[in-house]
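Below is one structure, written out as structure tokens; the observations come after it.
Residue numbers (the numbering used here), protein chains in the order written: chain A, 20 to 317; chain B, 20 to 317.
Laid out in structure tokens, this is it:
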């Protein structure tokens, strides 16, 4: 696939993955996990979230995580921030990038962050402005971009509408989420066909969950058919969503990397080391990680 | 996907799936499994194999299986046969169809059935002839059609060569196997591009294993890009291959059916009932089935 772009993985295991684990993962295990991910060649790692510890207890030690990790040169360590207070915390620990979080479905956004889409965008406006003034890059999650567990199929136009408002606010990169893993390649193509009329493919990262086993097919389609090169994934396939009934984990970074590599893509990561990073967490999880490659010797 | 053909699933769980299970599955459990698969809407079920019980102990009771299952009208119950003796056994229990088994890789065929490809074809010649004289349909497996665990990448031309020889012998349908689950959609398209110059898409069934998580992507690509409608799969994702190191199970019937259905395909099966059929085996397996849909409520 000579004409297809090299892959850019955004490792969301330490945040999107771990926030849905029932057991509290010790600080040192999180730090070791992130350090191992850096060593595996991943160039962007979402290392934590500066949210309320009442809302997401697993992320309560994100400051400590940022302070204790070994930062590898050339790797971006980002943090999810919901508001200005979160941004202050991210700035205090010198996060390289922040991510804000909204949805293409009103009902999902209400259940997930107890705000309408418009309210969440209003809340992000000063956050994005101040982050950029401080020299931080800003990514925006648009979740439930294909299906909503409450509203069903989401029209691509709703995604475009939210993305355009985020562009106006100054967000520079958009993570388009199939939060419940219900999209098929046909849905991915339908959305990208019109989304990429508005923004360049290099500003897009697709964020697939592997609930029904379609994440790899969706990712390959986005890359092969639309030259999207950015993909969010989670080592071991950790994750899920407490507000999305039945949601499975993020697609496993090692499974995606294997599929892209088998398809001729330049992945720039060491699959064995990604598996080893996920294995570090294993004793703390209380369940096996769901990745395909995790089950076999590679 | 208005122009795409309705799907035809060949359920291989009772044979390809079970033959690789370590624990002996009781006869009654096999019969209940097959009956439940019939009730789930599957129109073709490979119910057993008439091979040497020394070679595959799990298939030693295939005669009993054929005698005890409730045959549903319109459902084809097929059997794998390696030789004339196997054919006699299949005829004695009134199997509707037989399947013969060779490979596109010399080394794999040697390890799997201790014969060169040419020797296996010689052995099949009278089997296919007599089966057709007796009014049975004949399917031919061509395994290791993309990658061989011993030889690596297999050139599409090797597959074409074997298929053409099987056509000359009278085989009517070809199951093209990615035995170790190593193919990506790019490989599937490369093979189908030249295979479908020789035979019609409706004579082809793709047989994917989900070792690395690419089976769903491969199946969707074969269907969407080349209008192949036949797919082998195994309820629960049972399977593997004792002669193929690291091989994972057959792609799960319920995962494939979900993905095709989500893509607008007519699947004609009840996904809940397929899951329920696989669940009947659960107490006898000693391990969870690996299907994606098996892990969640659908």
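Built from N, CA and C at the ideal position, the CB exists for glycine as well.
For residue 224(B), the uninterrupted beta strand (DSSP E) run begins and ends at 223–227, by DSSP.
For the segment 107–124 of chain A, the set of residues with a beta-carbon nearer than 9 Å to any beta-carbon of chain B is empty. DSSP places residue 213(B) in the helix class (H, G or I) of the three-state scheme. Fewer than three beta-carbon pairs drawn from the segment 286–296 of chain A and the segment 29–37 of chain B are found closer than 8 Å, and the two stretches are therefore not classed as touching.
Counting only unbroken stretches of 4 or more residues, the alpha helix (DSSP H) elements lying wholly within the segment 92–172 of chain B are 103–111, 125–132 and 136–152, in sequence order. Following the DSSP letters along the chain, one finds residue 195(B) inside the beta strand (DSSP E) bounded by residues 192–197. The DSSP-derived three-state label of residue 269(B) is strand. The alpha-carbon separation between residue 230(B) and residue 313(A) amounts to approximately 10 Å. Residues of the segment 214–248 of chain A with a C-beta atom less than 9 Å from some C-beta of chain B are 229, 230, 231, 232, 233, 234, 235, 236, 237, 238, 239, 240 and 243, listed in chain order. Here the alpha carbon of residue 130(B) sits roughly 30 Å from the alpha carbon of residue 52(B). Within the segment 305–316 of chain A, the residues whose Cβ lies closer than 9 Å to any Cβ of chain B are, in chain order, 309, 310, 311, 312, 314, 315 and 316. The C-alpha of residue 140(A) is placed about 42 Å away from the C-alpha of residue 270(B).
Following the DSSP letters along the chain, one finds residue 85(A) inside the alpha helix (DSSP H) bounded by residues 81–87. In the same chain as residue 247(B), and ignoring 5 residues on each side of it, the C-beta atoms closer than 7 Å to its own belong to 211, 220, 223, 225 and 241, in chain order. Comparing alpha carbon positions, the residue from 59(B), 23(B) and 65(B) closest to residue 37(B) is 65(B). For residue 276(A), the nearest beta carbon of chain B is not closer than 8 Å to its own beta carbon.
Non-local C-beta neighbours of residue 162(A) in its own chain, meaning closer than 6 Å and more than five positions away in sequence, comprise 122, 196 and 198, ordered along the chain. With a cutoff of 8 Å on beta-carbon distance, residue 132(A) and residue 143(A) are scored as not near each other.
Contact note: residue 205(B) reaches chain A through 20, 239, 243, 281, 282 and 283, using a C-beta cutoff of 9 Å and chain order. Listed by position along chain B, the residues whose Cβ is nearer than 9 Å to that of residue 267(A) are 311, 314 and 315. DSSP, reduced to helix, strand and coil, places residue 29(B) within a strand of the structure shown. Closest option to residue 311(A), judged by alpha-carbon separation, among 95(A), 105(A), 277(A) and 110(A): 277(A). With its beta carbon less than 8 Å from one in chain B, residue 201(A) belongs to the interface. Boundaries of the beta strand (DSSP E) harbouring residue 66(A): 63–68, taken from the DSSP string.
Straight through space, the alpha carbons of residue 174(B) and residue 97(B) are spaced by roughly 30 Å.
For residue 251(A), the enclosing beta strand (DSSP E) stretches over residues 249–252.
In this chain, the alpha helix (DSSP H) harbouring residue 303(B) covers 290–304. Excluding the 5 residues flanking it on each side, residue 76(A) has same chain C-beta neighbours closer than 8 Å at 43, in chain order.
For residue 182(B), the enclosing alpha helix (DSSP H) stretches over residues 175–188.
Here residue 153(A) is exposed: its Cβ has fewer than 16 other Cβ atoms, across all protein chains shown, within 10 Å.
DSSP places residue 51(A) inside the alpha helix (DSSP H), whose first and last residues are 46–58. Here residue 176(B) is exposed: its Cβ has fewer than 16 other Cβ atoms, across all protein chains shown, within 10 Å. Where residue 310(B) is concerned, there is no enclosing alpha helix (DSSP H), because DSSP gives it neither an H nor an E. Out of 218(A), 80(A), 117(A) and 135(A), the CA that lies nearest to the CA of residue 149(A) is found in 117(A). Taking C-beta separations shorter than 7 Å and ignoring five residues to either side along the sequence, the partners of residue 181(B) in its chain run 121, 123, 136 and 161, following chain order. Within the model, the alpha-carbon separation for residue 293(A) versus residue 300(A) is close to 12 Å.
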